[in-house]
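Visitor: First the structure, then my questions, so here it is.
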Amino acid sequence: MLPLPVLEQAGSEMTNYRGSGMSVMEMSHRSKAYISIFDETKADFRAIMNVPDTHEILFMQGGAWLQFAAVPMNLIGTTGKADYAVTGNFSNLAMKEAKKYGEIRAAASSEDRNHSYIPAQQELKISKDAAYFHYCANNTIYGTEWKYVPETSGVPLVCDMSSNIMSRPVDVSKYGLIYAGVQKNMAPSGMAVVIIDKQLAGKELPFTPTLLKYQTMIDTDSMHNTPPCYTIYMLGLVLKWVGAQGGVSGMEKIKRERAQILYDYLDGSTLFKGHAQKDARSDMNVTFRTGDDALDDMFAREAAKAGFENLKGHRAVGGMRASIYNAMPTEGVLKLVEFMKDFEFKNKLGRG
Ligand SMILES: *Cc1c(COP(=O)(O)O)cnc(C)c1O
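Position one of the sequence shown corresponds to residue 41 (my numbering), numbered consecutively onward.
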């Protein structure tokens, strides 16, 4: 979801952006009007995420997936080795992609219990000679979320925050690199935001494509070629909206309350059961099931008919998944819980 006020503003500015006589889609990325949109968006992102001067903010095409390759290409060169925590689908895919570029080790894995938990700090085996340690902050498909920032004893910390960025405050100074595909919490698809400690750039493997070199993107302010101009403009509007909600601490308060409504109901339900271990529950993706595949299917079908879209869980976990990203109003979750209560009541009766 994108916030409705953002969509409405984009709509009202669609054909004539603030008296410029044209749509943002039609602007040259070098024009004065567009440069001011770009600069303001970047400045707002820095302010909202509290990004220190040591770190640069990059807008890169190709989404999070292309960062699965860009990260090792740029960072692994120093030692040729990197450590990955495997806590779900995307961290596993990131690790597989990285294997093309160096020696990759699994520093921890939650696969033994179908990724229903997050490994504790003392379970992470991070080697001193790792060029970086990579983890995924929120596991979209399994519905788990890291509640702590891993301590790596000086090994640069790299994090995929695609599915929980801007849902809570983050101490960016602890990270060597953060990346996030924008389409879950920030903007329409087509881009990733990268926050990089500038000291880590400039050591890429020799075959790294020009557009994937962080140093090139730093030197050209993400404009080595034409950037995804409209997506950046939309990100700018979303940032204003996040600011109006009280910034990331405001977002954190909202998402806690929103997710808790669903988890409280699940904890009291005799029909539905949550997938994630309680201390690892994600506030962005709530995964649950009835334990009966046919009933799960029926739930997803009836929910879709009632207007609740995309509730079917990923095939890797089955069951259901409610994705409640930043722009989801609390009201949407209250309505879902009403629907679930009703379904629970009917299906318990039906079973005698
Ligand atoms: C959705 C998602 C991705 C994939 O993002 P793309 O931008 O489609 O490549 C990667 N990581 C996480 C954690 C995600 O939630």
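Backbone N, C-alpha and C fix where the C-beta goes; we use that ideal spot for every residue, glycine too. Predicted model only: the values in this text are computed from it and were never measured.
1) According to DSSP, which residues form a beta bridge with Leu197?
2) Pull up the distance between the alpha-carbon of Tyr365 and that of Val373, whole angstroms please.
3) Spell out the partners DSSP gives Lys72 in its beta bridges.
4) Taking 6 Å as the line, does the beta carbon of Trp105 fall inside it for any heavy atom of ligand 1?
5) How many angstroms separate the CA atom of Val222 from the CA atom of Asp382?
6) Please find out if some non-hydrogen atom of ligand 1 comes closer than 6 Å to the beta-carbon of Phe414.
7) Under three-state DSSP, which class holds Gly230?
8) Run through the DSSP bridge pairs and tell me what Met100 is partnered with.
9) When the Cα of Arg208 is compared with those of Phe130, Ser68, Asp323 and Tyr74, which residue comes out closest?
10) Any chance the CB of Gly202 is under 6 Å from a heavy atom of ligand 1?
11) For Gly242, I'd like the list of residues in its chain whose CB is within less than 6 Å of its CB, leaving aside the five on either flank, ordered along the chain.
12) Return the chain-ordered list of same chain residues with a C-beta closer than 7 Å to the C-beta of Ala227, the five sequence neighbours on each side being excluded.
13) Taking Ala171 and Thr119 to be in contact with their CB atoms under 8 Å, please state how far apart those CB atoms are, rounded to whole angstroms.
14) Can you name, in chain order, every residue of its own chain whose Cβ lies under 6 Å from the Cβ of Thr370, other than the five neighbours on each side?
Guide: This is what the structure holds:
1) The beta-bridge partner set that DSSP reports for Leu197 consists of Phe173.
2) Taking C-alpha positions only, Tyr365 is separated from Val373 by approximately 11 Å.
3) DSSP output for Lys72 lists no bridge partner at all.
4) Result yes, Cβ under 6 Å from ligand 1.
5) Distance between Val222 and Asp382, taken at the CA atoms: about 35 Å.
6) The structure shown does not extend to residue 414, since the chain is modelled only from 41 to 392, so the question has no answer here.
7) Under the three-state reduction of DSSP, Gly230 is assigned to coil, being neither helix nor strand.
8) DSSP output for Met100 lists Ala232 as bridge partner(s).
9) Nearest option by C-alpha distance: Asp323.
10) Strictly speaking, residue 202 in this sequence is Ser, with Gly absent from that position. True, at least one ligand heavy atom lies under 6 Å from that Cβ.
11) Setting aside the 5 residues that flank it on each side, Gly242 is surrounded in the same chain by Gln255, each with a C-beta closer than 6 Å to its C-beta; the list follows chain order.
12) Setting aside the 5 residues that flank it on each side, Ala227 is surrounded in the same chain by Thr271, Met274, Leu275 and Val278, each with a C-beta closer than 7 Å to its C-beta; the list follows chain order.
13) Indeed they touch by this definition, with Cβ atoms about 5 Å apart.
14) Counting only Cβ-Cβ distances below 6 Å, and skipping sequence neighbours, we find Arg298.
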